[in-house]
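Below is one structure, written out as C-alpha cells, with a few remarks after it.
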Amino acid sequence: MAETASFLVSSNSSPTLTQNITTIRTIAESPGLTSIPSTYAFTPAPRDQVVSETQVSLPVIDYSLLTSGTPHQRSKIVHDLGKACQDWGFFLMINHGVPESLVRSMIDGCGGFFDLPEEEKEEYRGNHVSDPIRCGTSFNASVEKVFFWKDFLKILSHPVFHSPSKPAGFSETSLEYSKRAREVTRELLKGISESLGLDPNYIEKALNLEQGLQVIAANFYPPCPQPELAMGMPPHSDHGLLTFLIHNGISGLQVQHKGKWVNINGIPNSILVNIGDHLEILSNGKYRSVLHRAMVNNKATRISIAIAHGPSLDTVVSPAPELLEIEKKAAAYIGIKYKEYLEIHQSNKLDGKCNLDRLRI
Ligand code: OGA
Ligand code: NI
Numbered sequence: 001m002a003e004t005a006s007f008l009v010s011s012n013s014s015p016t017l018t019q020n021i022t023t024i025r026t027i028a029e030s031p032g033l034t035s036i037p038s039t040y041a042f043t044p045a046p047r048d049q050v051v052s053e054t055q056v057s058l059p060v061i062d063y064s065l066l067t068s069g070t071p072h073q074r075s076k077i078v079h080d081l082g083k084a085c086q087d088w089g090f091f092l093m094i095n096h097g098v099p100e101s102l103v104r105s106m107i108d109g110c111g112g113f114f115d116l117p118e119e120e121k122e123e124y125r126g127n128h129v130s131d132p133i134r135c136g137t138s139f140n141a142s143v144e145k146v147f148f149w150k151d152f153l154k155i156l157s158h159p160v161f162h163s164p165s166k167p168a169g170f171s172e173t174s175l176e177y178s179k180r181a182r183e184v185t186r187e188l189l190k191g192i193s194e195s196l197g198l199d200p201n202y203i204e205k206a207l208n209l210e211q212g213l214q215v216i217a218a219n220f221y222p223p224c225p226q227p228e229l230a231m232g233m234p235p236h237s238d239h240g241l242l243t244f245l246i247h248n249g250i251s252g253l254q255v256q257h258k259g260k261w262v263n264i265n266g267i268p269n270s271i272l273v274n275i276g277d278h279l280e281i282l283s284n285g286k287y288r289s290v291l292h293r294a295m296v297n298n299k300a301t302r303i304s305i306a307i308a309h310g311p312s313l314d315t316v317v318s319p320a321p322e323l324l325e326i327e328k329k330a331a332a333y334i335g336i337k338y339k340e341y342l343e344i345h346q347s348n349k350l351d352g353k354c355n356l357d358r359l360r361i
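Residue numbers (full-length UniProt numbering): 1 to 361.
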C-alpha cells in the first residue's frame, strides 16, 4: 500500500495557484508501492478498443522534399501533407534535419530536471499560463477529481526564451532545439498554407509567426503499479497550430482515428507532428486537431516532450476569409484571441475538445 504517499493541500487560497500535491515521482518511488493511491484511479478504467499501429498506417511526411525537392516532388508532398492533415491530423515527419543527438540531449536534459531534488524545483512550482517556467504534477490539480500519473515542466521558449538554470547545459540544448523546431514548423506551415489553396506565406503573415508563441511541455511518467487504472494524460487536443512530440522510446501515446485508439510507436529519428486547435479554426474545420492521450506502464519511465507552436499572443484567430471564399462556406468558428484561449485551456480540466467546442457556430 502507498502509506508513504501523502497529499499536501496548502491553505494558500490564491485563485491561480492552489494545491501543492506530491509529485508523481515521489509517489512512484515510495518503497514497496504495489497499488496506486485512490486519487489516481479512474472508474471505469480507461480502456477502450485499441488498434495497434501495425493495423493502420500513419502518414509519413518526408520534410526534405518540402525544402529541397524538385517542383514536382514539392507539389506532391504539399498534397500529401494536406491529406495527412485532413485524414489524421497527425503524421510522422522524417528527414527533418534536427540532429538525433540534439533530440537525445533534450530528452536527457528534461529527465535531469525531473530527477532534481524536489526542493530545487520548488522555485518553478506554479500553474499559471503566463509563468514562463512552471513545473508541477497532473495537469491542473486544482480542478481535477482524479489526478494524472505524470509530472510536467512547461517553458515558454518564444518570443522570449526562458529556461531553468538546471540541469547543466539544458538551457543551451533547449535554445537550440526550440530554434530548429520553429524553423521546421514555419516551413511546414508554408506547405500547409499551400495545401489549403492559400499563398505559402499566408499563415506566417496572418498569425504573426515572427512573434509566435512556442511552449515546451515535458512530461514525466514513472512506472505505475496498476497501469490499467491510471492515465498519464486524458484524451485532449493541443492548442496552437502544430505540436512536435519526441520521446525516450517508451510507448504510451495513443491517437484517436476513426473512433478507435491507435498505439503510436513512431520510427527512429522521426518527429511526431499533430495539428492543434488553432489550425482547425483557421482552416474552418477542414483540418482537425486530433484527440490523443498518454497511457502509463509498470516497467519503465516514459519521458516525452511536446513543443507547441502558436500564433502571437495578441492574434485573433478565426477562419481564413480567403479560404471561406475559395470553398464558398460560412465560418464555422467564432474568432478568439490566442491569449484568451490559452487562459481558458489552462484553467479548465483537460477534457477532449471542450474548449474548441465553445467556439463552434
Ligand atoms: C502533450 C501530449 C503526449 C505524450 O504533452 O500535449 O499530448 O505522449 N503528450 O506524452
Ligand atoms: Ni497533447
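Just so you know, even glycine gets a beta-carbon here, dropped at the ideal spot from N, CA and C. Every value quoted in this text rests on a predicted model; they were computed, and no experiment measured them.
{"query": "Closest residue to S52 among N284, V255, K353 (Cα-Cα distance)", "result": "V255"}
{"query": "Limits of the beta strand (DSSP E) - the one that R134 falls within", "result": "133-137"}
{"query": "For K353, the three-state DSSP class (helix, strand or coil)", "result": "coil"}
{"query": "D238 beta carbon near the ligand NI (any heavy atom closer than 7 Å)", "result": "yes"}
{"query": "Neighbourhood of P159 by C-beta, 6 Å cutoff - its chain only, sequence neighbours within 5 removed", "result": "Q211"}
{"query": "Own chain residues within Cβ distance below 7 Å of R182, not counting five before or after", "result": "H158, Q214, H309"}
{"query": "Residue from S237, E194, V103, V129 whose Cα sits closest to the Cα of K179", "result": "V103"}
{"query": "Contact between the region 332-351 and the region 300-318 (3+ Cβ pairs under 8 Å)", "result": "yes"}
{"query": "CA nearest to the CA of L58, picked from H236, I267, P223", "result": "I267"}
{"query": "Closer than 7 Å: T185 CB and nearest the ligand NI heavy atom", "result": "no"}
{"query": "Helix, strand or coil at Y333 according to DSSP, with G and I counted as helix", "result": "strand"}
{"query": "Rounded separation between V262 and H292 - CA only", "result": "9 Å"}
{"query": "Opposing strand residues paired with A294 [DSSP bridges]", "result": "M233, L253"}
{"query": "Inter-stretch contact at 8 Å, needing at least 3 Cβ pairs: the region 318-338 / the region 197-204", "result": "yes"}
{"query": "Alpha carbon of K166 to alpha carbon of E187, nearest angstrom", "result": "31 Å"}
{"query": "Check: T23 C-beta below 7 Å from any heavy atom of the ligand NI", "result": "no"}
{"query": "Identified DSSP bridge partners for M93", "result": "I61, I271"}
{"query": "Cutoff 8 Å; reference N140; Cβ partners in own chain excluding five residues on either side", "result": "N127, Q346, S347, N348, K349, L350"}
{"query": "Option in N355, S68, P99, E118 with minimal Cα separation from S237", "result": "N355"}
{"query": "Spatial distance of residue 370 from Q86 (CA atoms)", "result": "Absent from the structure is residue 370, since the part of the chain shown begins at 1 and ends at 361."}
{"query": "Contained beta strand (DSSP E) runs [length at least 3] in the region 133-209, N- to C-terminal order", "result": "133-137, 151-158"}
{"query": "Cβ-heavy atom distance, H345 to the ligand NI, below 7 Å", "result": "no"}
{"query": "Beta-carbon separation (whole angstroms), N219 vs S304, contact threshold 8 Å", "result": "5 Å"}
{"query": "Spatial neighbours of E343 in its chain, beta-carbon cut-off 7 Å, leaving aside the 5 residues before and after", "result": "V129"}
{"query": "F114 versus Y333, A330, T301, residue with shortest Cα-Cα distance", "result": "T301"}
{"query": "Rounded straight-line distance, which links the Cα of F42 to that of G352", "result": "16 Å"}
{"query": "Simplified DSSP assignment, three categories, for R302", "result": "strand"}
{"query": "Any non-hydrogen atom of the ligand OGA within 7 Å of A217 CB", "result": "yes"}
{"query": "Proximity of residue 364 and S174 at Cβ, strictly below 8 Å", "result": "The structure shown has nothing for residue 364, since the chain only spans 1 to 361."}
{"query": "Start-to-end residues for the alpha helix (DSSP H) that takes in L102", "result": "100-114"}
{"query": "For W149 and R25, the rounded distance between their alpha carbons", "result": "9 Å"}
{"query": "Heavy atom of the ligand NI within 7 Å of A306 beta-carbon", "result": "yes"}
{"query": "Collapsed DSSP secondary structure at I24 in the structure displayed", "result": "helix"}
{"query": "Environment of A84 [buried if 16+ CB atoms lie within 10 Å]", "result": "buried"}
{"query": "L81 versus V146 - alpha carbon distance", "result": "38 Å"}
{"query": "Residues bridged to Q214 [DSSP beta-bridge criterion]", "result": "H158, H309"}
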